[in-house]
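Asks: Got a structure here, written out as structure tokens. Questions coming.
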Amino acid sequence: MFPHARVVVRRGPESGLPIIVAVHSTARGPAIGGCRMASYPDWRDGLTDALRLSAAMTDKCALAGLPHGGGKTVIVAPPGFEDRAAALHDAGATIEELGGAYATGPDVGTGPDDMVLIGERTSHVFCRPVEAGGSGDSSPATAVGTVAALRALCDFRFGTSDLSRRSFAVLGLGRVGAHVARLLAEAGARVLTSDLDETKHLPGLARTTPQMCLEADVDVLVPAAMGGLLNPATVPALRCRAIAGPANNQLDHVSTAGLLHDRGILWAPDAVVSAGGIIHATAIELRGTAPADAMAEVQAIGDTLTALLRTAASTGITPAEAADRATGHGGADGEGGVRSRALAPSRPSTAG
Ligand code: PHE
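In the working numbering, the protein residues as written are 3 to 354.
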């Protein structure tokens with residue numbers, strides 16, 4: 003069965019760029035998921051990314067208990083493309099044609115100001131700046147949710163949630179990754195950072211190459227950039243004891259969860275860890291929750307992760323399998339909804 007409810011691929015009439023909107027599922031409610039603007043070797047790679055990322059959003063919403071399905075928008079923009087407004091207008095018009103089956107928000111390569119431009123063509127958009135009537139940047143909430151997950155992970159794996167006793171390697175210093183690194187440092191943790199972009203670094207925090215960061219001898223590795231980071235080529239070289247981060251689609255394939263398990267590395271499913279942004283945006287914009295209460299809902303990601311890790315340990319399955327069962331498509335073979343992602347080649351899918 004074709005896994006996606008609807009996929010639109012079109013040439014944007016204003017920009018001329020490929021505009022891709024993938025609606026994976028509306029079974030639990032309208033689909034949500036960010037709008038990514040990035041360059042790809044070929045537009046088909048952008049389509050592959052949209053298909054994988056929208057499926058991951060379905061899992062993310064289900065695990066967070068939100069009445070939504072997953073979707074994603076990808077604007078395939080060549081490096082240096084200048085007419086941002088035209089591209090975002092094209093995305094907004096495409097989303098508007100779906101009549102509310104899908105609403106977008108910020109993602110890699112877009113931010114709250116871009117949501118204003120999308121909002122000039124559709125009302126189905128989250129995270130416009132607060133002054134413009136939205137809930138603002140979602141990345142602080144995604145970072146707060148990630149740190150709540152890291153505390154829960156540390157409590158489960160090391161017997162204490164005290165981050166000042168732990169060391170972390172944060173791979174990726176985009177809007178979310180940089181915020182996570184800062185929060186960890188503020189909590190007194192030892193933090194090593196890295197980004198492919200050598201100009202990015204945080205004052206006062208140690209920095210190394212992506213390769214050294216990936217293979218660092220730390221308590222916890224925090225993937226905050228590339229999708230598919232964990233695969234049969236990288237897992238044997240890891241020296242961390244646990245992994246949790248906001249990057250989407252960290253495993254190249256569900257079977258890699260088994261490789262991590264065999265090496266004694268505890269992996270927290272990214273669909274649980276990275277849900278802070280959507281929890282925060284939907285609470286404020288759809289349910290009128292006060293921002294402070296929305297942040298409290300984001301903190302509950304820690305409890306969700308603890309419950310999942312306990313279930314996995316007590317039933318002798320990996321956290322990935324436990325997450326898969328919790329989303330409702332998990333047969334004992336760990337297939338079902340995950341299959342669509344597992345078949346796709348690994349593309350860069352970054353944290354949003
Ligand atoms: N990139 C995030 C996500 O896809 C942000 C987002 C927030 C998207 C709110 C939609 C709504 O999870």
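Don't be surprised by glycine CBs; every beta carbon is placed ideally from N, CA and C.
Would you mind giving the Cβ-Cβ distance between V224 and A171, rounded to the nearest angstrom? I have them listed as a contact below 8 Å.
Replies: Indeed they touch by this definition, with Cβ atoms about 7 Å apart.
Asks: Nearest CA to the CA of R18: which residue from R184, A58, A89, R46?
Replies: Note that residue 18 corresponds to Gly in the displayed sequence, not to Arg. Cα-wise, what sits closest to G18 is A89.
Asks: Can you confirm whether the stretch 21–33 touches the stretch 93–107 when touching is taken to mean that 3 or more C-beta pairs between the two stretches lie within less than 8 Å?
Replies: Result yes; three or more Cβ-Cβ pairs closer than 8 Å.
Asks: Use the C-beta contact count for R153: other C-beta atoms within 10 angstroms, 16 or more gives buried, fewer gives exposed.
Replies: R153 comes out buried.
Asks: Short check: CB of G73 to CB of A33, under 7 Å?
Replies: Closer than 7 Å, so yes.
Asks: Evaluate contact between the stretch 160–174 and the stretch 132–144, counting only Cβ atoms and requiring at least three cross-stretch pairs below 8 Å.
Replies: The answer is no - the stretch 132–144 does not touch the stretch 160–174, with fewer than three Cβ pairs under 8 Å.
Asks: For ligand 3, which residues have a Cβ under 5 Å from at least one heavy atom, in chain order?
Replies: This structure simply doesn't include ligand 3; it includes ligand 1 instead.
Asks: Looking only at C-alpha atoms, which of V222, A218, A227 sits nearest to A180?
Replies: Closest by alpha carbon: A227.
Asks: Taking its Cβ as the centre, do 16 or more other Cβ atoms sit within 10 Å of M39, making it buried, or is it exposed?
Replies: Looking at its Cβ environment, which holds 16 or more other Cβ atoms inside 10 Å, M39 is buried.
Asks: Please state whether DSSP places F160 in a helix, a strand or coil.
Replies: Looking at F160 - three-state DSSP - the assignment turns out to be helix.
Asks: Among L155, M117, E122, T124, which one has its Cα closest to the Cα of S140?
Replies: For the residues L155, M117, E122, T124, the minimum Cα distance to S140 belongs to M117.
Asks: Look at H299 and I280 and say whether their C-beta atoms are less than 7 Å apart.
Replies: First, the amino acid is wrong: residue 299 is Glu here, not His. Result no, Cβ atoms of E299 and I280 do not sit closer than 7 Å.
Asks: Is DSSP giving G333 helix, strand or coil here?
Replies: The predicted position of G333 is uncertain, since its pLDDT is 40 and thus under 50; a value taken from the coordinates is nonetheless stated next. Three-state DSSP puts G333 in coil, outside helix and strand.
Asks: Kindly indicate if chain C contains any beta-carbon less than 7 Å away from that of G107.
Replies: Among the chains in the structure shown there is no chain C, since it carries only a single protein chain.
Asks: Kindly indicate the opening and closing residues of the beta strand (DSSP E) around I22.
Replies: First-last of the beta strand (DSSP E) with I22: 20–25.
Asks: Work out the CA separation of V178 and P142 for me, nearest whole Å.
Replies: In a straight line, the C-alpha of P142 is about 7 Å away from that of V178.
Asks: What do you get for A244, buried or exposed, if any count of 16 or more other CB atoms within 10 angstroms of its CB means buried?
Replies: Under this definition A244 is a buried residue.
Asks: Mapping the DSSP letters down to three states, classify G107 as helix, strand or coil.
Replies: It is coil, neither helix nor strand.
Asks: Excluding the 5 residues flanking G48 on each side, which residues of the same chain have their C-beta closer than 7 Å to its C-beta?
Replies: Correct list, in chain order: P20, I22, Y42, V76, V78.
Asks: Counting along the chain, where does the alpha helix (DSSP H) carrying A95 start and finish?
Replies: Its alpha helix (DSSP H) spans residues 86–99.
Asks: For T288, tell me which candidate among L240, H70, R46 has the shortest Cα-Cα distance.
Replies: Position check: residue 288 holds Leu in this sequence, whereas Thr was assumed. Ranking the options by Cα distance to L288, first place goes to H70.
Asks: Compare the beta carbon distance of T106 and C37 with 7 Å and say whether it is the shorter of the two.
Replies: Contact: yes.
Asks: Check for me: the beta strand (DSSP E) holding R12 runs from which residue to which?
Replies: R12 -> beta strand (DSSP E) spans 8–13.
Asks: Going by C-alpha distance, which of G176, L55, H263, D295 is nearest I319?
Replies: Looking at the Cα atoms, H263 is the closest of the given residues.
Asks: For the putative contact between W251 and R54, defined by C-beta atoms under 8 Å, what is the C-beta separation to the nearest angstrom?
Replies: According to the sequence displayed, residue 251 carries Asn and not Trp. With 8 Å as the limit, N251 and R54 qualify as a contact, their Cβ atoms being about 6 Å apart.
Asks: Would you identify the three-state DSSP class for I120, choosing helix, strand or coil?
Replies: Here I120 sits in helix by DSSP.
Asks: Going by beta-carbon coordinates alone, are R184 and S169 separated by less than 7 Å?
Replies: No, these two residues do not count as a Cβ contact at 7 Å.
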